[in-house]
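Take a look at the structure set out below.
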Amino acid sequence: MARKKQVNPTRMELTKLKKKLATAVRGHKLLKDKRDELMRQFLDLVRENKALRERVEEGIARANKDFVLARAGMEDEEVNAAFMAPRQNVALEASFKNVMSVEVPVFEYRTKTADENDIFSYGYAFTSSDLDGAVASLSTVLQDMLRLAEVEKSCQLMAAEIEKTRRRVNALEHVMIPDTQEQIKYIQMKLDENERSTQIRLMKVKDMMLEETHHYKEKMEAKLQEILAADATEHDAGTV
Amino acid sequence: MYKIAVLGDRDSIYGFATLGLETFPVTDPDAGADTLKRLAMTDYAVIYITESLKAQIEDEIEKFRDQKLPAIIPIPGVSGNTGQGMVDVKRLVEQAVGSDIIFNNDN
């Protein structure tokens with residue numbers, strides 16, 4: 100195969116590769132679990148995200164319609180004056196929640212004045228009633244908007260993490276693990292082959308050494324000659 | 012303690028001031044990008060931005076995607092809903108799952 104990396108067929112390399120394979124397999128399993136769990140949570144969250152976004156977009160569109168109407172009946176200066184000094188103020192407390200190693204934000208908001216409906220920053224005398232309606236409808240989506248911010252940011256962060264984890268899982272599953280397995284197989288075959296050739300060599304050497312000390316071959320030849328000779332005399336005797 | 016900002020053209024966002032969110036009216040995309048950068052550096056945890064402005068400074072927004080804060084959230088402006096917000100959510104699903112399994116291509 101083209102991607103095969105050359106490895107030294109030694110026992111040390113084999114041990115090292117076996118350890119590497121064990122780690123890779125374990126890592127693969129853990130990452131796969133992480134990906135599955137992230138995916139499960141992400142899908143729940145993204146469904147909520149979709150629902151929230153639908154609600155928020157609809158609410159803002161409604162409020163915008165009211166604002167356009169209000170603007171039509173009022174001077175620019177009056178509108179500016181009405182919104183010049185907001186009475187309400189939203190302070191946000193952000194903490195973080197760890198979801199499968201992804202830090203996602205959790206927002207908690209506090210309004211400055213105790214009454215959440217205390218949102219009208221103007222007297223009613225000089226403003227159109229459409230403006231009141233617009234502000235009121237906007238205030239109803241505020242809570243959803245904050246939840247949307249939390250959920251959508253979480254979704255963004257988790258989607259990025261899922262993508263990363265999926266790449267890692269795939270790299271381990273389709274490249275790292277099969278490559279290592281192949282290298283291990285290669286080394287094992289090479290080692291087996293070496294062992295066989297060593298054994299054959301030893302058998303050969305043993306033969307040679309025995310031959311040298313006992314001269315089997317010469318003795319065998321002598322014996323053969325003897326038999327042939329005996330055979331010949333017997334044959335001679337038979338013909339006579 | 013964090014704050015919330017709303018960024019976009021004035022007509023789309025001035026109403027949010029009454030709710031206690033801070034509004035930053037901008038029309039020019041360059042000014043919008045500058046303001047966004049400035050807001051992101053300081054203690055704004057959530058920045059709502061109109062879809063029309065967001066479409067013009069997508070590159071700037073992309074930089075803050077991997078950061079924990081701020082959350083930059085598109086909202087429809089007064090000129091109507093472009094659907095970009097939903098497309099973004101859809102894209103998130105595609106990024107995570109590999110294909111869109113939530114929207115089923117219905118928008």
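Protein sequences, first through last, are from chains D and Z. The first sequence begins at 100 in the working numbering and counts up one residue at a time. The second sequence begins at 12 in the working numbering and counts up one residue at a time. Glycine included, C-beta positions come from ideal geometry on N, C-alpha and C. Note that the structure is a prediction, hence the values are computed from the model and not measured.
Check	Outcome
Delimiting residues of the beta strand (DSSP E) encompassing Asn197/D	Val189 to Val198
Contained alpha helix (DSSP H) runs [length at least 4] in the stretch 75 to 110 of chain Z, N- to C-terminal order	95 to 108
Proximity test, Cβ basis, 8 Å: Ile15/Z and chain D	yes
Buried/exposed call for Met100/D, threshold 16 Cβ in 10 Å	Low per-residue confidence applies at Met100/D: pLDDT is 48, beneath 50, and the placement is therefore not dependable, though the value from the model is reported in the following sentence. It is exposed - the Cβ of Met100/D has fewer than 16 other Cβ atoms within 10 Å.
Buried or exposed (CB count within 10 angstroms, at least 16 for buried), Val167/D	exposed
Cβ neighbour criterion (16 or more within 10 Å) applied to Tyr25/Z	buried
C-beta neighbour in chain Z for Ser238/D, strict 8 Å	yes
Residue from Ala328/D, Arg170/D and Leu129/D with nearest C-alpha to Ser228/D	Arg170/D
The alpha helix (DSSP H) enclosing Glu202/D, as first and last residue numbers	Not the alpha helix (DSSP H): Glu202/D falls in the beta strand (DSSP E), residues Val201 to Thr210.
Pair within 8 Å by beta-carbon distance, Gly31/Z and Val189/D	yes
Proximity test, Cβ basis, 8 Å: Val155/D and chain Z	yes
Contacts of Ser23/Z in chain D (Cβ-Cβ under 8 Å)	Asn163
Collapsed DSSP secondary structure at Glu36/Z in the structure displayed	The displayed chain sequence assigns Pro, not Glu, to residue 36/Z. Of the three classes helix, strand and coil, the one that applies to Pro36/Z here is strand, per DSSP.
Beta-carbon spacing of Thr264/D, Leu130/D below 8 Å	yes
Under the three-state DSSP convention, the category Ala328/D falls into	helix
Proximity test, Cβ basis, 8 Å: Pro87/Z and chain D	yes
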